[in-house]
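Chains as they are written, first to last, in the working numbering: chain A, 5 to 192; chain B, 5 to 192. Report on the following structure.
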């Protein structure tokens with residue numbers, strides 16, 4: 005017997021982020037999140053595996069997007085172009101989630117455990133991009149280097165995107181970071 | 005009352021790596037390591053904080069080296085040159101530890117917990133390089149991008165260095181990875 009709850013997932017997400025911000029991630033329980041959202045714990049667990057999943061539940065979809073775009077890039081595209089297409093797609097996916105991303109970033113920055121989890125997420129993304137490139141016939145170490153560059157641009161672009169009062173889009177900031185990366189390596 | 009044990013640190017390290025390789029990291033105790041080395045647990049704890057420290061105890065010295073070299077690079081050196089000097093210094097420090105590095109790499113690859121710890125070590129190194137560059141007056145995002153590039157080259161070069169039957173030096177492999185990274189970014 006599932007009662008239909010309008011946007012219960014969004015309400016739980018908002019309640020969770022508000023509580024993580026107010027009392028810290030460690031001191032927030034699922035019971036409190038559900039209470040704040042006016043929903044039951046059972047409803048919470050229909051949407052999220054645990055309280056960390058509110059922050060990291062999107063990682064799988066992001067990785068699938070990266071891999072799909074790299075796989076489906078034009079066969080003649082150089083590895084970095086395939087990776088940049090994936091970053092553009094990720095930027096488009098995330099663009100209207102900036103408020104969520106800002107709140108999430110502040111919460112993650114405040115917790116060693118969550119910062120470590122975020123690093124592991126990014127390293128997993130980098131490895132997935134490298135694997136998708138190898139499936140296109142890209143050799144090592146080019147595949148791994150391209151995966152690392154892509155995730156560096158994602159990370160540096162993302163950190164700028166969530167910093168107040170930044171107004172440029174995530175896509176713009178990742179592409180600008182790419183130009184800056186080229187300037188960095190060209191000077192060596 | 006400390007009895008002098010000739011190279012007890014080296015013997016403990018060898019015993020630990022042999023046991024981690026044979027029975028896995030999780031199933032090896034400090035007692036077993038000390039026994040294999042013919043030393044006491046007390047001697048183990050004079051050299052290492054815990055059994056993970058045998059694998060990660062060098063991280064602090066490596067970070068200090070990176071930071072010192074970046075700080076002391078010629079004032080006119082571009083950020084990437086300062087970072088490459090740090091990689092050369094790290095390569096020189098590690099070069100005669102290749103057998104240890106190969107054993108260590110196999111052990112870390114076999115454990116999710118240790119792989120995550122290694123990622124965190126590398127991210128900490130990247131942040132330390134970026135901080136040392138900012139102390140030289142390098143602005144963001146150049147400092148962070150340079151730190152990420154340096155650690156990417158360290159990681160990719162290191163992974164090739166420990167792969168059998170690679171014979172080139174770590175310095176050669178990091179510099180070659182840099183040339184390949186430039187080729188990757190130039191094609192975009």
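Here a beta-carbon is modelled for each residue, glycine too, at the ideal position from N, C-alpha and C. Fair warning: this is a prediction, and the values are worked out from it, not measured in the lab.
Rounded to a whole number of angstroms, what is the C-alpha to C-alpha distance between residue i and residue j?
i             : j             : result
residue 64/B  : residue 21/B  : 20 Å
residue 18/A  : residue 92/A  : 26 Å
residue 172/A : residue 103/B : 49 Å
residue 75/B  : residue 79/A  : 44 Å
residue 178/B : residue 119/A : 28 Å
residue 47/A  : residue 111/A : 23 Å
residue 132/A : residue 123/A : 14 Å
residue 117/A : residue 29/A  : 10 Å
residue 32/A  : residue 162/A : 26 Å
residue 87/A  : residue 151/A : 7 Å
residue 71/A  : residue 81/A  : 15 Å
residue 89/B  : residue 69/B  : 10 Å
residue 54/A  : residue 61/A  : 10 Å
residue 59/A  : residue 10/B  : 51 Å
residue 52/A  : residue 34/A  : 10 Å
residue 181/B : residue 160/B : 7 Å
residue 39/A  : residue 27/B  : 47 Å
residue 101/A : residue 121/A : 20 Å
residue 77/B  : residue 143/B : 17 Å
residue 125/B : residue 141/A : 31 Å
Can you pull the chain A neighbours of residue i, defined as C-beta to C-beta under 7 Å?
i             : result
residue 123/B : 123, 124, 127
residue 88/B  : 192
residue 26/B  : The premise fails here: residue 26/B is roughly 27 Å from chain A at the closest Cβ pair, so nothing lies under 7 Å.
residue 117/B : Within 7 Å Cβ-Cβ: nothing; residue 117/B doesn't reach chain A, min ~11 Å.
Apply the 10 Å Cβ neighbour rule to residue i and answer buried if 16 or more other Cβ atoms are within range, or exposed otherwise.
i             : result
residue 168/B : exposed
residue 5/B   : Reliability of the predicted coordinates at residue 5/B is poor, the pLDDT of 45 falling under 50, and no value is obtained from them.
residue 56/A  : exposed
residue 134/B : buried
residue 83/A  : buried
residue 191/A : exposed
residue 183/A : exposed
residue 158/A : buried
residue 164/B : buried
residue 113/B : exposed
residue 49/A  : exposed
Could you pull out every residue in the same chain whose Cβ sits closer than 8 Å to the Cβ of residue i, ignoring the five residues on either side in sequence?
i             : result
residue 42/A  : 15
residue 96/B  : 175
residue 127/A : 155
residue 137/A : 74, 83, 86, 87, 146, 147, 150, 151
residue 170/A : 164, 177
residue 45/A  : 34, 35, 38
residue 139/A : 75
residue 25/B  : 107, 110, 111
Taking residue i as the query, report the chain A residues whose CB atoms sit under 8 Å from its CB, ordered along the chain.
i             : result
residue 85/B  : 191, 192
residue 156/B : 149, 152, 153, 156
Among residues of its own chain, excluding the 5 on either side of residue i, which ones have a beta-carbon nearer than 7 Å to its beta-carbon?
i             : result
residue 36/B  : 23
residue 94/A  : 66, 69, 70, 158
residue 186/A : none
residue 188/B : none
residue 98/B  : 105, 174
Can you give me the Cβ contacts of residue i inside the same chain, cut-off strictly under 6 Å, excluding the 5 residues immediately before and after it?
i             : result
residue 166/B : 105, 106, 109
residue 12/B  : 43, 47
residue 115/B : 29
residue 130/A : 151, 152, 155
Quick one: which chain B residues come within Cβ less than 7 Å of residue i?
i             : result
residue 188/A : 83, 84, 146, 149, 150, 153
residue 170/A : Ordered by position in chain B, no residue passes the 7 Å Cβ test against residue 170/A, which lies about 12 Å from the chain.
So with CB distances below 8 Å, who are the chain B contacts of residue i?
i             : result
residue 181/A : 145, 149
residue 34/A  : None at all; the shortest Cβ gap to chain B is about 25 Å.
residue 185/A : 149, 153, 189
residue 160/A : 145, 148, 149, 152
residue 39/A  : Going along chain B, no residue has its Cβ under 8 Å from residue 39/A, so there is no contact; the nearest lies around 33 Å.
Taking Cβ-Cβ distances shorter than 9 Å, what residues in chain A pair up with residue i?
i             : result
residue 164/B : 144, 145
Scan the segment 43-89 of chain B and note each continuous alpha helix (DSSP H) run of 4 residues or more that stays entirely inside, going in chain order.
45-51, 57-60, 63-76
Alpha helix (DSSP H) runs wholly inside the segment 86-128 of chain A, at least 4 long, in chain order
102-113
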